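Engineer:
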Amino acid sequence: MDGAWWPRSRDLASELSDLANVLDPLWGRITRIAVNPRHWPILPPRIFVNGHVVKIGWFTCELDPHGIALLSYTAGRWDLLVIPPETGASSAARLMAAASADTGPPTTATALMTAEWARHGSRAKAGKGRSGGALSSHGRNQQRAVGM
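Here numbering that gives the first Met the number 0 is used: the first residue of the sequence shown is 0, the next is one more, and so on.
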């Protein structure tokens, strides 16, 4: 895990556009995004980001259902935990911190979600003031939060 993403809705085209528009200038040109279609009702084949096209691929077996992979020529591959939009703020904060932590062995997105649900109950409802965002620790030498 290289970080976490907490989208505001299940509208993948809109949410990925917002994410990629923010991360593209920070991480380098994003060229492809891979998603597992399990939690997304509509899968766009491409989105437009900062004047270029980003292709969206979907993978049912190869990609964790609670994750996405962002690919960039400059930064390589980034694997992000996708925190469900309906998750409460405190659970989302814990999940973002866990996905970006540089402690312990590598883990999967599903393992992080399962551990959170086991410790704090199943999927806490979103509270007021929910803002969405992303948290990354790519390279493990810095942590960067991106609000969207």
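From the three backbone atoms N, C-alpha and C, an ideal C-beta is built for every residue, glycine too. As the structure is a computational prediction, the values presented were derived from the model and not from experiment.
Do the CB positions of residue 39 and residue 18 come within less than 8 Å of each other?
Structural biologist: No; because the gap between Cβ atoms is not below 8 Å, this pair is not in contact.
Engineer: Can you tell me which of the three DSSP states residue 90 falls into?
Structural biologist: Residue 90 falls in the helix class under three-state DSSP.
Engineer: Please name the residue in 82, 25, 108 whose C-alpha comes closest to that of residue 71.
Structural biologist: Among 82, 25, 108, the Cα nearest to that of residue 71 is on 25.
Engineer: Which value, in whole angstroms, describes the spacing of the CA atoms of residue 99 and residue 0?
Structural biologist: So the two alpha carbons sit approximately 7 Å from each other.
Engineer: Report yes if the C-beta distance between residue 2 and residue 74 is below 8 Å; otherwise report no.
Structural biologist: Against a cut-off of 8 Å, the Cβ pair of residue 74 and residue 2 comes out as no contact.
Engineer: Is it the case that the Cβ atoms of residue 11 and residue 43 are separated by a distance below 8 Å?
Structural biologist: Contact: yes.
Engineer: Tell me the residue span of the beta strand (DSSP E) that contains residue 78.
Structural biologist: Element bounds for residue 78: 75 to 81.
Engineer: Excluding the 5 residues flanking residue 109 on each side, which residues of the same chain have their C-beta closer than 6 Å to its C-beta?
Structural biologist: These residues qualify, in order along the chain: 63, 65.
Engineer: I'd like to confirm something about residue 26: is its beta-carbon nearer than 7 Å to some heavy atom of the ligand MG, or not?
Structural biologist: No copy of the ligand MG occurs in the structure displayed, which carries no ligand at all.
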